[in-house]
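Which chain is which? The protein sequence lines are A and B, in order.
Sequence positions in the first sequence follow this note's numbering and run 146 to 374.
Sequence positions in the second sequence follow this note's numbering and run 146 to 374.
2 protein chains.
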Amino acid sequence: MSNKDLAVVLVSGGMDSCLTAAIAAENYELAFLHLNYGQKTEVRELESFNKIADYYSVQHRLIVDMKHFSEIGGSSLTDNKIEILNADLNSEKIPSSYVPFRNANILSIAVSWAEVINANKIFIGAVEEDSSGYPDCTDSFFKAFNNVIKTGTKPETEIEIVTPLLRLSKSDIVSKSIELKAPLHLTWSCYKNNDIACGICESCALRLKGFQLAGLEDPIPYRDKPSYI
Amino acid sequence: MSNKDLAVVLVSGGMDSCLTAAIAAENYELAFLHLNYGQKTEVRELESFNKIADYYSVQHRLIVDMKHFSEIGGSSLTDNKIEILNADLNSEKIPSSYVPFRNANILSIAVSWAEVINANKIFIGAVEEDSSGYPDCTDSFFKAFNNVIKTGTKPETEIEIVTPLLRLSKSDIVSKSIELKAPLHLTWSCYKNNDIACGICESCALRLKGFQLAGLEDPIPYRDKPSYI
Numbered sequence: 146m147s148n149k150d151l152a153v154v155l156v157s158g159g160m161d162s163c164l165t166a167a168i169a170a171e172n173y174e175l176a177f178l179h180l181n182y183g184q185k186t187e188v189r190e191l192e193s194f195n196k197i198a199d200y201y202s203v204q205h206r207l208i209v210d211m212k213h214f215s216e217i218g219g220s221s222l223t224d225n226k227i228e229i230l231n232a233d234l235n236s237e238k239i240p241s242s243y244v245p246f247r248n249a250n251i252l253s254i255a256v257s258w259a260e261v262i263n264a265n266k267i268f269i270g271a272v273e274e275d276s277s278g279y280p281d282c283t284d285s286f287f288k289a290f291n292n293v294i295k296t297g298t299k300p301e302t303e304i305e306i307v308t309p310l311l312r313l314s315k316s317d318i319v320s321k322s323i324e325l326k327a328p329l330h331l332t333w334s335c336y337k338n339n340d341i342a343c344g345i346c347e348s349c350a351l352r353l354k355g356f357q358l359a360g361l362e363d364p365i366p367y368r369d370k371p372s373y374i
Numbered sequence: 146m147s148n149k150d151l152a153v154v155l156v157s158g159g160m161d162s163c164l165t166a167a168i169a170a171e172n173y174e175l176a177f178l179h180l181n182y183g184q185k186t187e188v189r190e191l192e193s194f195n196k197i198a199d200y201y202s203v204q205h206r207l208i209v210d211m212k213h214f215s216e217i218g219g220s221s222l223t224d225n226k227i228e229i230l231n232a233d234l235n236s237e238k239i240p241s242s243y244v245p246f247r248n249a250n251i252l253s254i255a256v257s258w259a260e261v262i263n264a265n266k267i268f269i270g271a272v273e274e275d276s277s278g279y280p281d282c283t284d285s286f287f288k289a290f291n292n293v294i295k296t297g298t299k300p301e302t303e304i305e306i307v308t309p310l311l312r313l314s315k316s317d318i319v320s321k322s323i324e325l326k327a328p329l330h331l332t333w334s335c336y337k338n339n340d341i342a343c344g345i346c347e348s349c350a351l352r353l354k355g356f357q358l359a360g361l362e363d364p365i366p367y368r369d370k371p372s373y374i
């Protein structure tokens, strides 16, 4: 066992959470939390989660099913009646992939777990600029949530949400991942497919643009690529 | 369909949530949300939930499984390794039945659902005085959570948590329930049993004390009763 303090890291299996784990690993012993919320690429994301956890030799792993997001609906990621649109990175509208209040649900689970295993940080790889206007990816949201943690846990509990990627661009994320040897080849970002990344959904498009701007080649294969790549 | 605005009501199946539903029903069309979180009396509570929903002719019902509370552990309500202690109503310690950060988890689900079905209130029957020092049952917690909702939902969304029972005593709750014809005979409070209420767990003790102070008879049968009743 390590003498470091314990930190819960939210690991979806994507590039952002992979870098977040790499950053947390510099100062903390890691506890990895993964959420299945009925997203269409659930199986592939979990596979990436476990590969990244193996890479960092993570002992504490918790995988939580949040199937109610499918029942609640309202997002193209979990509701089969809503189509996953191709990316429009210039739109200021909240995209159809927005899962209502998802981060509050995820962070609440993380805090419950952190309080029981005595972790005092929760790392989440939210990216404000690239998050397509999701309201629960903003600095003011995380600040407000830290205040809820203070008021809603035991007096002796000290848990804080840490968002090291909040102000980074996708190209910063690519560069920083290479610097910290984060295993990007193990990650999965595509919203549509479970086998080969589609290359054209919002998440693939953001990822590919990040590699392009960083002047680097994405190590995973794609079925298709947007015209600007 | 009613012309009233829609309100989500958190209905555990207990006395407090039953009165909360009765209060919400005065001004709102009701949507009932129930959480199974691996508690030992899950089946009996769900039965009460459905009976109360039938009583108020509630169309919108959502039942969510939060099995991860059992995996996370840390509470006598969900962890078989921790014993449910008999009540000590004079203790100031946080009791073993405390489920870490439970209300934040529950409210997050309620907000996600409310945002999708266009409900603008969430009624929760939290009782500060009687809640045995659970940190997530306080006014400051609910205020902080309302702030998280403002920052973490779509700009056009207006959802507010309402806590009509927060300052009431259990005897106030009994009296007010009778006044509003809330169906207390359909409710379930016991933490221990699924058939006949034990009468001696923390939750039974609080309930029985409430009826005693209100000078009324509890309509449900008990296996045992504390010596002061």
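Every residue gets a Cβ at the ideal spot worked out from N, C-alpha and C, and that includes glycine.
Would you give the residue range spanned by the beta strand (DSSP E) that residue i belongs to?
{"i": "residue 176 of chain B", "result": "174-181"}
{"i": "residue 305 of chain A", "result": "305-307"}
{"i": "residue 210 of chain A", "result": "205-210"}
{"i": "residue 154 of chain B", "result": "151-155"}
{"i": "residue 295 of chain A", "result": "From DSSP, residue 295 of chain A is part of no beta strand (DSSP E) but of the alpha helix (DSSP H) over 284-297."}
{"i": "residue 267 of chain A", "result": "266-268"}
From residue i to residue j, what does the alpha carbon distance come to, in whole angstroms?
{"i": "residue 218 of chain A", "j": "residue 178 of chain B", "result": "15 Å"}
{"i": "residue 216 of chain A", "j": "residue 180 of chain A", "result": "16 Å"}
{"i": "residue 298 of chain A", "j": "residue 264 of chain A", "result": "13 Å"}
{"i": "residue 205 of chain B", "j": "residue 151 of chain B", "result": "10 Å"}
{"i": "residue 351 of chain B", "j": "residue 295 of chain A", "result": "27 Å"}
{"i": "residue 176 of chain B", "j": "residue 323 of chain A", "result": "49 Å"}
{"i": "residue 200 of chain A", "j": "residue 169 of chain A", "result": "14 Å"}
{"i": "residue 344 of chain B", "j": "residue 333 of chain B", "result": "12 Å"}
{"i": "residue 310 of chain A", "j": "residue 251 of chain A", "result": "17 Å"}
{"i": "residue 279 of chain B", "j": "residue 281 of chain A", "result": "26 Å"}
{"i": "residue 285 of chain B", "j": "residue 306 of chain B", "result": "12 Å"}
{"i": "residue 327 of chain B", "j": "residue 184 of chain A", "result": "40 Å"}
{"i": "residue 302 of chain B", "j": "residue 312 of chain B", "result": "28 Å"}
{"i": "residue 214 of chain A", "j": "residue 371 of chain B", "result": "43 Å"}
{"i": "residue 117 of chain A", "j": "residue 315 of chain A", "result": "Because chain A in this structure spans residues 146 to 374, residue 117 of chain A falls outside the shown range and cannot be described."}
{"i": "residue 247 of chain A", "j": "residue 274 of chain B", "result": "31 Å"}
{"i": "residue 202 of chain A", "j": "residue 160 of chain A", "result": "18 Å"}
{"i": "residue 290 of chain A", "j": "residue 245 of chain A", "result": "16 Å"}
Between which two residues does the alpha helix (DSSP H) harbouring residue i extend?
{"i": "residue 244 of chain A", "result": "Where residue 244 of chain A is concerned, there is no enclosing alpha helix (DSSP H), given that its DSSP letter is neither H nor E."}
{"i": "residue 185 of chain B", "result": "Note, residue 185 of chain B: premise wrong, no alpha helix (DSSP H); not H, not E."}
{"i": "residue 354 of chain B", "result": "347-359"}
{"i": "residue 319 of chain B", "result": "315-324"}
{"i": "residue 162 of chain B", "result": "160-170"}
How about residue i: is its C-beta nearer than 8 Å to some C-beta of chain A?
{"i": "residue 213 of chain B", "result": "yes"}
{"i": "residue 293 of chain B", "result": "yes"}
{"i": "residue 181 of chain B", "result": "no"}
{"i": "residue 261 of chain B", "result": "yes"}
{"i": "residue 285 of chain B", "result": "yes"}
{"i": "residue 254 of chain B", "result": "yes"}
{"i": "residue 209 of chain B", "result": "yes"}
{"i": "residue 161 of chain B", "result": "no"}
{"i": "residue 249 of chain B", "result": "yes"}
Answer yes or no: does any C-beta atom of chain B fall closer than 8 Å to that of residue i?
{"i": "residue 350 of chain A", "result": "no"}
{"i": "residue 257 of chain A", "result": "yes"}
{"i": "residue 308 of chain A", "result": "no"}
{"i": "residue 196 of chain A", "result": "no"}
{"i": "residue 355 of chain A", "result": "no"}
{"i": "residue 265 of chain A", "result": "no"}
{"i": "residue 245 of chain A", "result": "yes"}
{"i": "residue 289 of chain A", "result": "yes"}
{"i": "residue 270 of chain A", "result": "no"}
{"i": "residue 216 of chain A", "result": "yes"}
Excluding the five sequence neighbours on either side, which residues of its own chain have a C-beta within less than 7 Å of the C-beta of residue i, listed in chain order?
{"i": "residue 339 of chain A", "result": "186, 188, 189"}
{"i": "residue 210 of chain A", "result": "181"}
{"i": "residue 262 of chain B", "result": "151, 176, 205"}
Going by beta carbon distance, what residues of the same chain come within less than 6 Å of residue i, once the five residues before and after it are set aside?
{"i": "residue 330 of chain A", "result": "364"}
{"i": "residue 367 of chain A", "result": "342, 344"}
Given residue i, which residues of its chain have a CB within under 8 Å of its CB, disregarding the five upstream and five downstream residues?
{"i": "residue 149 of chain B", "result": "172, 173, 174"}
{"i": "residue 156 of chain A", "result": "162, 163, 165, 166, 177, 178, 179, 194, 197, 198"}
{"i": "residue 192 of chain B", "result": "158, 333"}
Just checking: is the beta-carbon of residue i within a distance shorter than 8 Å of some beta-carbon in chain C?
{"i": "residue 297 of chain B", "result": "Absent here is chain C; the protein component of the structure consists of chains A and B."}
Below 8 Å, how does it come out for the region 247-266 of chain B and the region 258-274 of chain A: are there three or more Cβ pairs, yes or no? Because the criterion of three Cβ pairs below 8 Å is not met, the region 247-266 of chain B and the region 258-274 of chain A do not touch.
Give a yes or no on contact between the region 349-361 of chain A and the region 300-319 of chain A, applying the rule of three or more CB pairs nearer than 8 Å. yes
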